[in-house]
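*Asks:* Pasting in a structure now, in structure tokens, and then I'll have a few things to ask.
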Amino acid sequence: SARAVEMAVGVKIPENARILRNLLMGAQFQHDHIVHFYHLHALDWVDIVSAVTKADPAKTAALADNVSNAQVGGTAYYKKVQQRLKTFVDSGQLGPFSNAYWGHSAYQLPPEANLMAAAHYLEALKLQARAARMHAIFGAKNPHLQSLAVGGVTCVKDLKPDRIAEFMYLWKETQAFIRDVYVPDLLAVASFYKEWGAIGGTTNFMAWGEFPESDQEPDSLFMPRGVIYKRDLANVKMAEQEKVTEYVTRAWYEDGDAKHPYEGETKPIQESPKYDPDKGQYTWFKAPRYTDEPCEVGPLARVLVAYGYGKKEVKTVVDSVLKQLGVPAAALFSTLGRTAARGIETLVIGERMETWINALIANVKNGNTATYQAWEMPEKGMGFGLNDVPRGSLGHWIKVEGGKIKQYQYVVPSTWNLGPRDKNGKLGPLEEALIGTPVADPKQPLEILRTVHSFDPCIACGVHVIDPDSNEVYKVRAI
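Pasting the structure below:
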């Protein structure tokens, strides 16, 4: 949103503001992806009950020594973890592990791998709290930063050696966990689920890109901007915001033509929403399209775009992962690829953060502490802000007239991924990804959850339902 307004008012932010925004966004990627893998997605692949009832702590310790470089381990450590988990089971409930289909036939990890992953789940709970502190140093809180402002950032008072050193210490600690635990765990789990390299794929991919390293965008973006059609990695095209439209044909909005966000409207239907088999309306999500094509956004899209461009930092890690798993590049177009891409980019972006930290240190040492550029609201203006957040491509569009905001629309990652069919009947990315998923037990659709969770869905990011009379926000549970 800050970028959109900055374009509309014609202000360029100082170098330090750009660096600090990159560091804060990098910290968000580190924190968000660790939480997603361990706490939102791992239990789709890891059977906690197996870890409790069948795993041998000594064999688990040996496995962990071969797989990762975790700072904690050993037979006594894994025996203690197993006992902690057993306490949950013996009490008749599983605490944070309660919502899963334990014992499901689709679980394939051996008991010792389950116990190792469960232990690292608990370690990640502590680590993510540490990682969140990086945001507090320059952004005041996680995840909704308080220091972002049109014109730069407001944390100039925090450009002190001790604050920068604290940020660097937390970054090193987090990056060590990513390198020594997260990525090895990812590879270990993936090695038992290689068939998922052919399940849950989509066709087209788009990334706005992120992490500008100068004021030249998109040329300087560390994670590049691009679009891929029909999985053609050899022909990555530049993504252009002018080619975005949104359909409302299958959503509970007043019918109309596909519109670019600058002209977008959000007009809910007046009657109570219901599934209509004739009109096919079944969601509050609009259907974003790029050149009239649905596109997956998120970690896989970003990694594929960078890989297709031949970006060294990404290509090196991707090729290494493919080699270690013994799978072809085609396996990237899948649920397995989507999950692997999240870990790959966490490692790559985390490593790049060191460059930005050092640049900030150098500027401060040279007396350059500017973080904000003043600006004035024009009588008229238009702007868009494009970036990629951990969940995927995010775009904001603003029109200013009479010195006030006349039009404001945004298209968030989950709208791209979870959006419905369009006027032409083309499926949204998640809908496409679920077709053909093997399901062992329809009453326990663990396999469906694996693909859904791999997108890191956030319905609340795209839709808010509010009572217009009481202004109460409704919460809906799907059971």
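Those letters in the sequence shown? Residues 1 to 479, by the working numbering. C-beta atoms are modelled at their ideal positions from N, C-alpha and C, and glycine is treated no differently.
Can you tell me whether I357 is buried or exposed, with buried defined as 16 or more other CB within 10 angstroms of its CB?
*Replies:* Flag for I357 reads buried.
*Asks:* Which class does L434 belong to by DSSP, given the choice of helix, strand or coil?
*Replies:* If DSSP states are grouped into helix, strand and coil, L434 belongs with the helices.
*Asks:* For L221, which option in A70, A306, Q28 has the closest C-alpha, if you only look at C-alpha atoms?
*Replies:* Checking every option, the nearest Cα to that of L221 belongs to A306.
*Asks:* Please identify the residue among Y247, R130, P442 whose C-alpha is closest to the C-alpha of P294.
*Replies:* The shortest Cα separation from P294 among Y247, R130, P442 belongs to Y247.
*Asks:* Does P212 come out as helix, strand or coil in the three-state DSSP assignment?
*Replies:* Reduced to three states, the DSSP call for P212 is strand.
*Asks:* In chain order, what residues of the same chain lie with their CB nearer than 7 Å to the CB of R163, ignoring the 5 residues before and after it?
*Replies:* If we look at R163 and ignore the five residues flanking it on each side, its Cβ neighbours are I137.
*Asks:* Hey, would you say the C-beta of A136 is under 8 Å away from at least one heavy atom of the ligand MG?
*Replies:* No copy of the ligand MG occurs in the structure displayed, which carries no ligand at all.
*Asks:* Tell me the DSSP secondary structure of S50 in three-state form.
*Replies:* Helix.
*Asks:* Note down, in chain order, each residue of its chain lying with its Cβ closer than 6 Å to the Cβ of A2, except the 5 sequence neighbours on either side.
*Replies:* Only L148, V150 meet the Cβ criterion.
*Asks:* Roughly how far, in whole angstroms, is the beta-carbon of T249 from the beta-carbon of D422, given that I think they are within contact range, below 8 Å?
*Replies:* T249 to D422, Cβ: 6 Å. Contact.
*Asks:* Going by DSSP, what residue range makes up the alpha helix (DSSP H) through Q270?
*Replies:* Premise fails: Q270 is in no alpha helix (DSSP H) and is neither H nor E.
*Asks:* Which value, in whole angstroms, describes the spacing of the CA atoms of L40 and E15?
*Replies:* Whole-angstrom Cα-Cα distance: 36 Å.
*Asks:* From I479 to T266, what distance separates their C-alpha atoms?
*Replies:* With a pLDDT of only 49 at I479, under 50, the local geometry of the prediction cannot be trusted, and no value is derived from it.
*Asks:* Would the stretch 349 to 368 and the stretch 7 to 26 be scored as touching if the rule is three or more Cβ pairs under 8 Å?
*Replies:* A contact exists between the stretch 349 to 368 and the stretch 7 to 26.
*Asks:* Using DSSP's beta-bridge definition, name the partner residues of S393.
*Replies:* Answer is D388, bridged to S393.
*Asks:* Excluding the 5 residues preceding and the 5 following G462 in the sequence, name in chain order all residues of the same chain whose CB lies nearer than 6 Å to its CB.
*Replies:* Cβ within range, chain order: F285, V412, S414, T415.
*Asks:* Between D219 and I466, what straight-line distance do the alpha-carbon atoms span, to the nearest angstrom?
*Replies:* For D219 and I466, the distance between alpha carbons rounds to 41 Å.
*Asks:* In angstroms with no decimal places, state the Cα-to-Cα distance between I481 and E379.
*Replies:* Because residue 481 is not part of the residues shown, which for the chain are 1 to 479, the question remains open.
*Asks:* DSSP on P110, reduced to helix/strand/coil?
*Replies:* Correct three-state label for P110: coil.
*Asks:* Using DSSP's beta-bridge definition, name the partner residues of F205.
*Replies:* According to DSSP, F205 bridges with I228, E296.
*Asks:* Who are the near neighbours of Y275 in its chain, counting only those whose CB is closer than 6 Å to its CB and skipping five residues on each side?
*Replies:* Cβ neighbours of Y275 beyond the five flanking positions: Y282.
*Asks:* Locate the alpha helix (DSSP H) running through F29, then write down its first and last residues.
*Replies:* Note, F29: alpha helix (DSSP H), 15 to 35.
*Asks:* Does D276 come out as helix, strand or coil in the three-state DSSP assignment?
*Replies:* Looking at D276 - three-state DSSP - the assignment turns out to be strand.
*Asks:* So for K86, helix, strand or coil by DSSP?
*Replies:* Three-state DSSP puts K86 in a helix.
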